[in-house]
Amino acid sequence: MNSYRQIFYHIVFCTYKRKNTLPTEYHEELYKYIWGIIKNRKCVLYQINGTENHIHILSDLHPTVCLSDFIKEIKTASNRWMKSSGNFPDFLHWAEGSCSLTYSMRVKDRIINYIKNQKEHHAKVSFEDEYRKLLEQSGIEWDEKYLF
């Protein structure tokens, strides 16, 4: 019997202390590297984008892949790659934790567009405010002292 799935995860994680350590001119290279990790896990990347201090990913998750392992692998491998590339000299590491939200097929295109427009969005809204809004919209309770 085959396994079928339709699981869209919107994953968000940021740099240590939300410092701007991801130079814009190297975002494309970083996103391609992360896409390779996602493909190697038999998952599908629908959209990736971000700013100098955080990344958004919309991906499905293969039934054999555990979400926490998936995020850990992306963060660990990209951390190593960025440090060895020489293009991210101020990058120390990713912040601990992440935000993972699930969405249905009905809103997939809306989430893709939201992620595509990150740079424009953050000209008006801080990462901290965006993160709080994502949590609120998803009905996730949080303690401010653990957020940032």
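So for the sequence shown, the numbering used here puts the first residue at 813; every next one is plus one. Backbone N, C-alpha and C fix where the C-beta goes; we use that ideal spot for every residue, glycine too. Keep in mind that this is a model prediction, so the values were computed, not measured.
Taking residue i as the reference, which of the options has the closest Cα?
| i | options | result |
| --- | --- | --- |
| T873 | H822, N861, K829 and T836 | The sequence as given places Leu at residue 873; Thr does not occur at that position. Selected option, being the one with the closest Cα: H822. |
| Q949 | Y915, G898, L870 and S880 | Y915 |
| F825 | K936, I927 and Y816 | I927 |
| H868 | I952, I886, Y958 and N852 | I886 |
| A907 | T876, K829, L913 and R853 | K829 |
Can you give me the Cβ contacts of residue i inside the same chain, cut-off strictly under 8 Å, excluding the 5 residues immediately before and after it?
| i | result |
| --- | --- |
| H934 | T863 and E942 |
Ends of the beta strand (DSSP E) at residue i?
| i | result |
| --- | --- |
| G862 | L857 to G862 |
| H866 | H866 to D872 |
| H822 | F820 to C826 |
Taking the straight line between their C-alpha atoms, what separation do you get for residue i and residue j?
| i | j | result |
| --- | --- | --- |
| Y858 | E837 | 21 Å |
| T827 | L834 | 8 Å |
| N891 | H866 | 13 Å |
| K931 | H839 | 12 Å |
| C855 | Q818 | 11 Å |
List the endpoints of the continuous alpha helix (DSSP H) containing residue i.
| i | result |
| --- | --- |
| I923 | K920 to K928 |
| S897 | L879 to S897 |
Ordered along the chain, which non-local residues of its own chain (more than five positions away) have a Cβ less than 6 Å from that of residue i?
| i | result |
| --- | --- |
| L947 | W954 |
| N832 | E864 and N865 |
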